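Only one structure is covered here, and it is reproduced in the block below.
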Amino acid sequence: MKRRLIFVCFLQSILLLAELKQKSILQSGNFYKISVSSTGIFKINFNFLKSLGLNPTTINPNQIKIYGNGFGMLPQNISSFRYDDLQENAIKLYGTEDGRFDSSDYLLFFAQGPDILSFNKTNQTFEHIQNLYSDKTFYYLNIADDSGLRVLPSTQIPNSTVGSTLDYYDDFQYHEKEIENLLLMGRNWYGEKFVDGASRSFNFNFSGLIPNSNITLKVSNFNKAKSNDQSIMKVSINNFLALSQVLNGTLSEYSLGNLKNDILRVNSSNFDNNSQISINMNYTGEASGNSTGYLNFIEINAKRSLNLIGSSTIFQNIESSKIQTSEFLLKNANSTTEIWDVTTTTSPFLIQSTLNGNNLSFLSNSNSLIRKFIAFNPSQISTVPVFENKVTNQNIHGAETPHLLIVSYPPFIEEAKRLAAFKNRIGIKALALTTDEIYNEFSSGAQDISAIRNCAAMFYKRGGLKNVLLFGACSYDYKDRTPKNTNFVPVYEAVDSYNTTTSYCSDDFYGFFGDNEGDWPENGSGNYNLLIGVGRLPIRNKEEAAGAVNKIINYSKNINSFGKWRNKILLMADNGDGNGHLNDAEILTSIIESKTNLINLTKSYIDAYPMRLTPVGNTAPRVNSILRNNIENGVLIINYSGHGGPDVLASEKILSKTDAQTFNNFDRLNFYITATCDFGLCDQPLRVGGAVELVLSPKGGAIGIVSATRPVYKSTNLEFNKQMYNNMFSIDTMGIRPDIGDVFRRAKNASAIGVFNRSYMLFADPSTKIALPEFNVVLTSINGMKTSADTLEALSKVTFEGEIRTHRKNQLIQDFNGVVEIDLFDKYSLLRTLGQSDSPVSFKTRDNSVLSAKASVKNGKFKYSFILPKDINYKVGESKVSLYAYDEKKLIDAGGYTSQVMLGGTNENAPEDNNPPQISLYMDDTTFVNKGLTGSKPLLIVKLADENGINIARSGIGHEITGVIDEKTSEKLILNENYSTELNDFTKGRVVYRLDSLSDGSHQIIVKAWDTYNNSSEKKLDFIVTKSVKFAINQIINVPNPANEFTKFLISHNQAGEQLELQLNVYNQQGKLIKQFSENINYANATLEIDWNIKDNENYNISEGIYVYKCALVSKKDNQTSESIQKLVIVK
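For the sequence shown, the numbering used here begins at 6 and goes up steadily by one.
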């Protein structure tokens, strides 16, 4: 594939951007989409119209129209001329003078094929531009209510003074096959393969070659070789050695080889008037024998005698452009021969000519253009276009400008529209369109990335467009040459296709709307500003489309997704490289803490934990455990800095793409920033990166992820990562936070360094906002005094009071009623890496929580009392109170903090307590009994109680809440972070922890816990794991029962954590269905809850009486079903 784009200079004389239309021609009427694969005259006859389902005898021929733009690929430069919407083409009718379309009648029209020619002024030669996106050009046949455009004789009278008589034309032929993409990336495909010693011949027909004229040959070859030795491609023309092309290799680890273009000129006298030009190519590989040659293309420019050959001949003459008026002499013509000027492909006109024997002459004014003509005999034209489909009426040009434009692969459009409907309900104007709809109006029906960009640009320039979501997977293969291809919504592929660091794929192109932007030079100067956010959901099938929409809706508005995890970021750093990745994470720490103290940072640096040597290399099991626990319990953002690849993060495999499908965090979706190589690989159909699997996992994973699709540099990673956090936490004057797309847009613009940040892509709905709390929680007093007035001591009783307030005006939200979650963190502590890869280094962390509690919020205010544990750091210093509140009815939340609380010392007057805490253990739910059955991933439930509360502080060695399975003390579970008190009661609480991948058979767990006075106790639980446990509903009840205005159904089962389908039907005593509930549950709690307002399916009140309800649960894992029937009483 040619590496540069040169846009056609002779096809259009108008160089100004077409005015944007307010409606599309496709908005009404019947349109039939047809296609051609080459340039020339095409025929539509009686039978072709019948094949469209039309009755030709009822058609008024004058009302037949053809639309299409015939331009090849659209220009990437947004300021270059392009047609807006479809253009009507002039056509010519034959035999329809009687006003009827009879069986012998037909029409002809000129069509431009998908590939076009450009003129190189420097070399004075034609070159070809292979269409990257389509092997077809599309046109639209329309039977209208008015007369169509017709090919008419030119009204311009040529100057009678002839500057030159031309009986030849400049012919151009080329050979290019797109067989192989060597790196499976970039837009360049190569053709025939040459191993050492291989020869191939390529024949071109140039009958009527002008004697003693120049023939220009351009040969482009790629040499794949990992060495500094040279390969040679010998090029012979008709057995005459014309060129020994030297092809270099490379030693770069990121590059495959080198591309070489050579131009040579030979005189036609060498060929003895031979009409055949044969190009023979012989390849000699480099000395090691490890090189391979690939033909890119061959181009030939030659002068030929102007003859009508076959049914038609297309011709143009370079010399004529330098002359005001030229006379052309065409041989082998007859009385029916027509000549059309097709310089402007949509508006051909008939040339008036003079026939003298078999020679036809005509005059033409060039207007300094290389004019293009086609000569043909109408009765000999037999090629008809291909019927594609009838087009449903559409009118994108007339649509209201959205805030969010969703561009969907056609089979996914229903889910895209469901997402758009949800966005519209929450105040984000959204419009979902298919790629086909966009192509119809913006690229004459052909796939073209510039069409999507131009559509977005139209909406942006009208005002209001903020984001574009690309709803479908992408591929380096635009033309479906690859098995199981996923070119659903195309991505921008770099021109460079043989260097992994610069052969980027990127969606940024769709957000470049500035003047003259779009060509995107592939060097350091090619920086443009994104004007909108652009995100992609790389969906591969309808199930993934539904799952992705479910996740977005659930993340945006769902009672179960509230929680203090929205105040938390997990920073992870690779080891090695002189602690460089850890240092990067520490730089991010400084930025985050300078922007907001709302966030609680957890740090998991690989070298801070022991390695374990396994047959597959070093692993870091504690890091894996920390990551999984954070994912399951919830963390707002997971940030990784370090080495990676498509399949894993870090050589220790702390996260693999196979892990993505195992995460059950549907209600606590994470946003990822992975500053690493290739983890976002998305344009190879048979291999995608972990980022794709995380964002498409239906049970959980990620709400979004920013990741690189190619190898990237550490310095680029850091700069982009920094800019993400510089923009993440801003709040505008209205108290509104930016959406993900805006954060990504600003970060991209602030970190642009040529090609090296283009590979970072946003895999997310860009209009979604990171789930940071919406309002403010303020701690107003401690023990009735200002928050900074007193020092909190160990074993002292503490009372917190606070309020929920607005961001902008700091006003109390009096109708906020819900729950506040309170965490008190001890002072900063200093941790030190183990020096397993580099020298040990220290870093600060504040993750020692001494309180994790819940309190009620009433009318915007809350109050909570507790006993401070004995195991605090006694040195007096600043602690941090972290607050998160939510109102389930209003579906709003709030976050806050204070770091003015002094903590340290001990209460010498604390009452004595020698009583240990009480412990109760269960699996899956609180009905579990000792030695009961469970699955391989059971939910551990630990209920704890103590009059002075449970200790979760970690300053005292060995005083954590721990779990040991089967006496494996080396794999002890630390459960502190999974503990929280009961609502408004610091003396009671529970641990909920998902155990992972237990083997079949008997197991035992021992849980140990400490109270705030450091009294301890432990409890054992025996349980039996069986992967084949039969799915069962353990119990179903409704409370209250009898019910009056409300009841809650409680359904307990033994498939906690799995994907379930629930159906619950309520029947009267006659068996009539009164009320139906159905739900797909991605992450099932051990007990499912359904609220009912005692109204039927039509929302009418239900009369009193006895009713029967039947519940059915279906496991999506293995389709097991369990059913249960109960009765309820309704009283009035």
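Built from N, CA and C at the ideal position, the CB exists for glycine as well.
Quick caveat, the model's predicted, so the values are computed rather than measured.
query, result
"Bridge partners - Gln-250, DSSP secondary structure assignment", "Met-238"
"Close-in-space but distant-in-sequence residues of the same chain around His-260 (CB under 8 Å, 5 per side omitted)", "Before going on, a small fix: residue 260 reads as Ser here, not His. If we look at Ser-260 and ignore the five residues flanking it on each side, its Cβ neighbours are Tyr-503, Asn-504 and Thr-505."
"Reference Tyr-444, options Asp-795, Trp-525, Leu-252 and Leu-91, closest by Cα", "Leu-91"
"Three CB pairs or more closer than 8 Å across the segment 385–392 and the segment 325–335", "no"
"Inter-residue Cα distance where the pair is Cys-5 and Leu-542", "Examination of residue 5 is not possible in this model, given that the chain is present from 6 through 1137 alone."
"Short Cβ contact (8 Å threshold) for Tyr-730 with Leu-593", "yes"
"C-beta neighbour in chain D for Pro-158, strict 8 Å", "Annotation note: the requested chain D is absent from the structure, which comprises a single protein chain."
"Proximal residues to Val-539 (C-beta, below 6 Å), its chain only, five neighbours per side dropped", "Val-473, Asp-512, Tyr-515 and Gly-516"
"Pick from Lys-868, Tyr-902 and Leu-896 that is closest to Ser-884, judged by C-alpha positions", "Tyr-902"
"First and last residue of the uninterrupted alpha helix (DSSP H) at His-586", "585–600"
"Buried versus exposed, by CB contacts within 10 Å (16 or more), Phe-245", "exposed"
"Option nearest Lys-802 by Cα separation, candidates Val-947, Leu-723, Asn-953 and Arg-750", "Asn-953"
"Per DSSP, cross-strand counterpart(s) of Cys-510", "Glu-498"
"Segment contact, 8 Å Cβ cut-off, at least three pairs: the segment 974–985 with the segment 1085–1104", "no"
"Contiguous beta strand (DSSP E) assignments of at least 3 residues, all confined to the segment 710–761", "none"
"Ala-1027 to Leu-691 span [Cα, whole Å]", "For the record, residue 1027 in the displayed sequence is Asp; it is not Ala. So the two alpha carbons sit approximately 45 Å from each other."
"Backbone CA spacing between Lys-182 and Ser-42 [nearest angstrom]", "15 Å"
"Residues that DSSP places opposite Gln-27 in a beta bridge", "DSSP lists no partner for Gln-27."
"Closest by C-alpha distance to Ala-451, when choosing among Arg-458, Asp-441 and Cys-460", "Asp-441"
"Identity of the residues DSSP links to His-133 by a beta bridge", "Leu-122"
"Beta strand (DSSP E) runs wholly inside the segment 905–962, at least 3 long, in chain order", "907–911, 923–928, 937–939 and 944–950"
"With 16 other Cβ atoms within 10 Å as the buried cut-off, status of Leu-256", "exposed"
"Residue nearest to Asn-669 in terms of C-alpha spacing, selected from Ser-960, Glu-657, Val-700 and Leu-817", "Val-700"
"Helix, strand or coil at Tyr-299 [DSSP, three-state]", "strand"
"Presumed contact (8 Å Cβ cut-off) between Tyr-179 and Phe-227, rounded CB distance", "Contact doesn't hold; Cβ gap of about 17 Å is too wide."
"Continuous alpha helix (DSSP H) assignments of at least 4 residues falling wholly in the segment 756–841", "none"
"Exposure of Phe-1051, with buried meaning 16 or more beta-carbon neighbours within 10 Å", "exposed"
"Cβ shell of Thr-796 (< 8 Å), same chain only, five flanking positions each side left out", "Val-881, Met-907, Leu-908, Gly-909 and Gly-910"
"Reduced DSSP secondary structure (H/G/I, E/B, other) of Asp-683", "coil"
"Residue ranges of each beta strand (DSSP E) within the segment 150–174, 3 or longer", "169–171"
"CA-to-CA distance, Glu-197 to Gly-432, given in whole angstroms", "55 Å"
"Closest Cα partner of Ile-457 within the set Asn-815, Leu-839, Arg-467 and Thr-439", "Thr-439"
"CA nearest to the CA of Asn-208, picked from Asn-243, Leu-214 and Ala-665", "Asn-243"
"Proximity below 8 Å, CB of Arg-763 to CB of Tyr-509", "yes"
"Unbroken beta strand (DSSP E) run spanning Ile-872, endpoints", "866–872"
"Contact set for Glu-185: own chain, Cβ-Cβ below 6 Å, skip 5 residues either direction", "Tyr-195"
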